[in-house]
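Peer 1:
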Amino acid sequence: MVIRDWSSDVCSSDLLEAFQNDFEHGFLDDVLLKVEAEVAGDYMGQAEALLNEGQRGKFDHVPAAVLTGAVLEKALRTLCEKQQPPIALTTANGAPKTMNPLIDDLKAAGAFNELKAKQLRSWADIRNKAAHGEFDQFTKLDVEQMIQGVTNFLGDNLG
């Protein structure tokens, strides 16, 4: 068995420098975005499975709503970072922005129109109600539509 001493290998150092250069110049952005889209797609598949596996009438749609909302929030944050100039992800006092301010900032930057912003706000509202125990404020059908809408939004904006 041959054990290679990488610490003295000039090639590995050159490779790391080339990788760092590509990263600093944004050449890896597309790859990172594709990985993020794949992960989001996996989570959306899990949300759909959660929705379909529950017992009727037992608020089985709640976990799917929370997971879908988390995926949406991450997508909004990614879109903010992609804007030129990037949109701040925190408020003036350093607290992370919630979904509605992110939506408002993206709309103001021209990332989408008011109709899309209203759809996004409605999905954010479903996620917030699910996360705060207001389970009677939305239905399984609302979550089904949310999953489909967020999936389409991801495809249009991260795909």
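Every number in my numbering is 307 more than the matching position in the sequence shown, counting from 1. Just so you know, even glycine gets a beta-carbon here, dropped at the ideal spot from N, CA and C.
Starting from Asp-449, trace the alpha helix (DSSP H) in both directions and tell me its first and last residue.
Peer 2: What you label residue 449 is simply residue 142 of the sequence shown in a count that begins at 1. Element bounds for Asp-449: 447–464.
Peer 1: In three-state terms, what does DSSP make of Thr-398?
Peer 2: The residue labelled residue 398 in the question sits at position 91 within the sequence shown. Note: Thr-398 maps to coil in three-state DSSP.
Peer 1: Determine the DSSP secondary structure at Pro-490, reduced to helix, strand or coil.
Peer 2: Any property of residue 490 remains undetermined from this structure, which presents the chain solely from 308 to 466.
Peer 1: Are the CB atoms of Ala-424 and Lys-436 within a distance shorter than 8 Å?
Peer 2: Numbered from 1 along the sequence shown, position 129 holds the residue referred to as residue 436. Numbered from 1 along the sequence shown, position 117 holds the residue referred to as residue 424. Not closer than 8 Å, so no.
Peer 1: So, for Val-373: in the same chain, excluding its five sequence neighbours on each side, which residues have a beta-carbon less than 8 Å away from its beta-carbon?
Peer 2: Residue mapping note: residue 373 aligns to position 66 of the sequence shown, counting from 1. Within the same chain, Val-373 has close Cβ partners Arg-434, Ala-437, Ala-438.
Peer 1: Could you give the distance in angstroms between the alpha-carbon of Asn-359 and the alpha-carbon of Arg-428?
Peer 2: Indexing the sequence shown from 1 puts residue 359 at position 52. Indexing the sequence shown from 1 puts residue 428 at position 121. Roughly 24 Å separates the two Cα atoms.
Peer 1: Residues in the same chain with beta-carbon distance under 6 Å from Phe-445, minus the five sequence neighbours each way, listed in chain order, please.
Peer 2: Position 138 of the sequence shown holds residue 445. Hits under 6 Å: Ile-433, Lys-436.
Peer 1: With 16 as the cutoff for other CB atoms within 10 Å, does Leu-465 come out buried or exposed?
Peer 2: If you number the sequence shown from 1, residue 465 lands on position 158. Buried, because 16 or more other Cβ atoms sit within 10 Å of the Cβ of Leu-465.
Peer 1: Given this structure, state the Cα-to-Cα distance separating Gln-390 from Ala-416, to the nearest angstrom.
Peer 2: For this step, residue 390 is matched to residue 83 along the sequence shown. For this step, residue 416 is matched to residue 109 along the sequence shown. Taking the straight line joining both Cα atoms gives about 8 Å.
Peer 1: Measure the C-alpha to C-alpha separation of Arg-459 and Pro-392 and round it to an integer number of angstroms.
Peer 2: Here residue 459 corresponds to residue number 152 of the sequence shown, with the count starting at 1. Here residue 392 corresponds to residue number 85 of the sequence shown, with the count starting at 1. Arg is not the amino acid found at residue 459; the sequence shown has Asn there. If I take the Cα positions, the gap works out to 25 Å.
Peer 1: Is the beta carbon of Leu-409 less than 8 Å from the beta carbon of Arg-384?
Peer 2: Along the sequence shown, read from residue 1 onward, the residue named residue 409 stands at position 102. Along the sequence shown, read from residue 1 onward, the residue named residue 384 stands at position 77. In contact: Leu-409 and Arg-384 (Cβ atoms closer than 8 Å).
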